[in-house]
Amino acid sequence: MLSERRLEVLRAIVQDYVGTEEPVGSKALTERHKLGVSPATVRNDMAVLEDEGFIAQPHTSAGRIPTDKGYRLFVDRLAGVKPLSTPERRAIHSFLDSAVDLDDVVARTVRLLAQLTRQVAVVQYPSLTRSTVRHVELLSLAPARLMLVLITDTGRVEQRVVDLPSPFGETPLADLRARLNSRVVGRRFADVPQLVQDLPESFEDVEDRGTVSTVLATLLETLVEQREERLVIGGTANLTRFGHDFPLTIRPVLEALEEQVVLLKLLGEAQESGMTVRIGHENAHEGLTSTSVVSVGYGSGGEAVAKLGVVGPTRMDYPGTMGAVRAVARYVGQILAES
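37 is the number that my numbering gives to position 33 of the sequence shown; each next residue is one higher, with no gaps.
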């Protein structure tokens, strides 16, 4: 275990390197930080940190830079994330509050995250499988055709056109709509099949039973579709500001960011609602070993329905980035709860 003083030296090196982009020397550390010890002691602490793999010497200069291991310890021992300023919080609120629907919320969230962190922002659409039913609407399009509209608690809307085996009047349609909603509203998608399985038998007319079965089949197909594999990404151009932070070229990073499966793995499982920070070689994909990923779950009612986060170089303002990601996730969750 490192002593508290050596942890302070490591924190100072990380902060200076993130801020200046220059390797950090012992003289600069003692001048910029009140470490309470002599430059010789700081040099000795830096030698120990280097021996233990927390910092490294990039070339023959006297300066040192943090390693993945050093950043990891820095993040793990953070006293807290950097709170957003009042103007930043106000900007988030006004920008997201004016969103008109779920697609707009997601699009605005990506833009906002990219602007706040100056990194690449990634937002996953709310998962259907972790949602609950807010309402099922049935609209007649023709005597034997109707529109099924499924609305989730996260504001997601799914529409399907259903061709019926026989004409279905407005009265039985209204009856089906009422019975269906009485059973499924507020219930989790996983519970719906069981809740509606005996619904056709509750209709006396045999022809109506066939129609009800057709409508239910379409509803259940909608519920099980794997539509949560949907992501929106923004701010990729921000990476060009960090060209020298990536070995040789940023091409492998850009190629990795184009792969949806890679991004989903980066964000992690939506059930893990807590903050996750993956640094450098902790990212399994070869093209992303020079990046860090900060992600967190978001949702309504305290339960995560999806993830959002940012991807940037390992030389990242971790307290500020983590604060921004957490704050945006909280606001998006509030919007979903109120929508």
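Just so you know, even glycine gets a beta-carbon here, dropped at the ideal spot from N, CA and C. The structure presented is a predicted model; accordingly, all values stated were derived computationally and were not measured.
Meets three-Cβ-pair contact criterion under 8 Å: the stretch 288-297 and the stretch 83-102: no
Residue from Gly313, Ala182, Thr318, Ala328 with nearest C-alpha to Ser294: Thr318
Beta-carbon proximity check, Val196 vs Leu227, cutoff 8 Å: yes
Of the listed residues Ala51, Ile237, Gly173, Asp202, nearest to Gln119 (C-alpha basis): Ile237
Nearest-angstrom Cα separation, counted from Ser296 out to Leu414: Outside the shown range of the chain (5 to 343) lies residue 414, about which nothing can therefore be said.
For Ala111 and Arg214, the rounded distance between their alpha carbons: A quick correction: the sequence has Gly, not Arg, at residue 214. So the two alpha carbons sit approximately 41 Å from each other.
Gly316 beta carbon less than 8 Å from that of Arg86: Before going further, note that residue 86 is Lys rather than Arg in the sequence given. No, these two residues do not count as a Cβ contact at 8 Å.
Straight-line Cα distance separating Asp107 from Gln198: 30 Å
Cβ shell of Arg164 (< 7 Å), same chain only, five flanking positions each side left out: Leu152, Thr222, Thr226
Identity of the residues DSSP links to Pro70 by a beta bridge: Ile59
Which of helix, strand or coil DSSP assigns to Ser294: coil
The beta strand (DSSP E) enclosing Ala103, as first and last residue numbers: Premise fails: Ala103 is in no beta strand (DSSP E) and is neither H nor E.
Within 8 Å, strictly: CB atoms of Tyr322 and Val126: no
Which of helix, strand or coil DSSP assigns to Ala288: coil
Residue from Val109, Val114, Ala148 whose Cα sits closest to the Cα of Arg122: Val114
Leu77 vs Phe58 beta-carbon contact at 8 Å: yes
Nearest neighbour of Gly278, chosen from Leu258, Pro256, Gly301, Glu263 [CA to CA]: Gly301
Helix, strand or coil at Asp209 [DSSP, three-state]: coil
CA nearest to the CA of Arg234, picked from Leu132, Thr253, Ser299: Leu132
Exposure of Thr90, with buried meaning 16 or more beta-carbon neighbours within 10 Å: exposed
Of the listed residues Arg134, Lys269, Arg330, nearest to Glu307 (C-alpha basis): Arg134
Reference Pro70, options Leu258, Asp249, Leu271, Leu243, closest by Cα: Asp249
Nearest neighbour of Thr330, chosen from Thr45, Leu116, Met5, Gln61 [CA to CA]: Thr is not the amino acid found at residue 330; the sequence shown has Arg there. Nearest C-alpha to Arg330: Leu116.
Pair within 8 Å by beta-carbon distance, Arg414 and Thr136: Examination of residue 414 is not possible in this model, given that the chain is present from 5 through 343 alone.
Run of the alpha helix (DSSP H) containing Pro317, from where it starts to where it stops: Careful: Pro317 lies outside any alpha helix (DSSP H), inside the beta strand (DSSP E) at 310-317.
Beta-carbon proximity of Asp49 to Ala32, cut-off 8 Å: no
Continuous alpha helix (DSSP H) assignments of at least 4 residues falling wholly in the stretch 13-64: 30-36, 43-55
Buried/exposed call for Pro27, threshold 16 Cβ in 10 Å: buried
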